[in-house]
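Going letter by letter, the sequence shown gives residues 26 to 221 in the numbering used here.
Down below is the structure, laid out as C-alpha cells.
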Amino acid sequence: MVAEADDKRTLIFTYGTLKRGFSNHVLLQDLIRSGDAAFVGVFRTANKYPLVCGPYRVPFLLNFVGSGHHVRGELYSVTARGLAKMDELEGTTRGHYERLPIVVFRDPAENDGDGEVEFRSIENDDIGDGDGSSGLTCAAEAYFAHKSYAVELWKKNEKRGFECYTEKEAKGYVKRKDRPQNLTFLDHIRLFVTSD
C-alpha cells in the first residue's frame, strides 16, 4: 500500500516562473533529477483564464473562468513528495496561491513532451467557452492567485491579461531574495493593489 501511494502522480500545469528558462524552474530541475517530476509537454488551458503580473512582475493565474485567454504553459507529472515541495514554494498554506483543478489540452504547435497523460473527450459541461483543443483534454491542477486578493489583482491589471508569461512579461521580475525582506508576500500584494 505504501509503494502504491508513492507512485501516485499529480499533473501540474505551470504558467510562470516554474517554466523552463525562468527563475523558479530550478525546483522542477531538482525534482526531475530526483525522479519526483517529469516534463509532459506544452499545454494550454481548455477554458480562458486571466494571466496577470503582480508585484515584482510575479505571474498569477486568476480563477475567473471565461475571462482572459487560453493560457499557454507546461505540464509536469509530479509525485506526492514533489508536490509538497511545489506547495511550499507557492505558499499554499500561507494564503499566497491555491492549488485547484484545471482542464488543459496539448498545444498543437508544441509537441516536445515525453510524458504520457490520459486524455478524455470534452464534455460540454467541462468547457464553457470553446476550447480549440480538437476534443481531447486532461485534468490537471494549477496554482491560482489566492481568492483573498484575486479580484483586486484583476482590477489593478485593468481586467487585461496575457496568453503566455514570456521574457517580455517577466522583464523587471525580482527574485524573492532580492525583494524587501521586512514585508510578507501578502504585504507586497496589498501594497501593489492599492498603489496608484
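Cβ coordinates follow ideal geometry from the N, Cα and C atoms, glycine included.
Just verifying my parser: in three-state terms, what is the DSSP assignment at V96? coil
What is the C-beta distance between T35 and E166, in whole angstroms, given that I count them as a contact (C-beta under 8 Å)? 6 Å
Limits of the unbroken beta strand (DSSP E) element including E223: For the chain, the structure presents residues 26 to 221; residue 223 sits outside this window and is missing.
In the structure shown, what three-state DSSP assignment does R45 receive? coil
Apart from the five residues on each side of it in sequence, which residues of its chain come closer than 8 Å, Cβ to Cβ, to K196? R82
In terms of alpha-carbon separation, which member of V129, P126, Q206 and G41 lies closest to G5? Limits of the chain in this structure are 26 at one end and 221 at the other, which puts residue 5 out of reach.
So, with DSSP's three-state summary, where would you put R185? coil
Excluding sequence positions up to five away, which residues of its chain have a Cβ less than 7 Å from the Cβ of S173? G120
What residue range does the alpha helix (DSSP H) around V51 cover? H50 to R58
Under the rule that 16 or more other beta-carbon atoms within 10 Å means buried, what is P59, buried or exposed? The question names Pro, but residue 59 in the sequence shown is Ser. Under this definition S59 is an exposed residue.
Selection from R185, A170 and K200 that minimises the alpha carbon distance to R215: A170
Per-residue burial, D221 [other beta carbons within 10 Å of its own, 16 or more giving buried]: exposed
T118 by DSSP, collapsed to three states: which one? helix
Kindly indicate which residue of G98, V90 and R124 has the alpha-carbon position closest to the one of K110. R124
Given L87 as reference, the closest of K181, R45, E192 and R201 once Cα atoms are compared: K181
Could you tell me the alpha carbon to alpha carbon distance between W179 and E192, rounded to whole angstroms? 21 Å
For R69, report the span of its beta strand (DSSP E) as first-last. A62 to T70
What whole-angstrom Cβ distance do G126 and A164 have, given they're in contact under 8 Å? The amino acid occupying residue 126 in the given sequence is Pro; Gly does not appear at that position. 6 Å between Cβ atoms; contact.
For T225, the nearest candidate out of A63, E115, G98 and T70 (CA to CA): Residue 225 is absent from the model: the chain starts at 26 and stops at 221.
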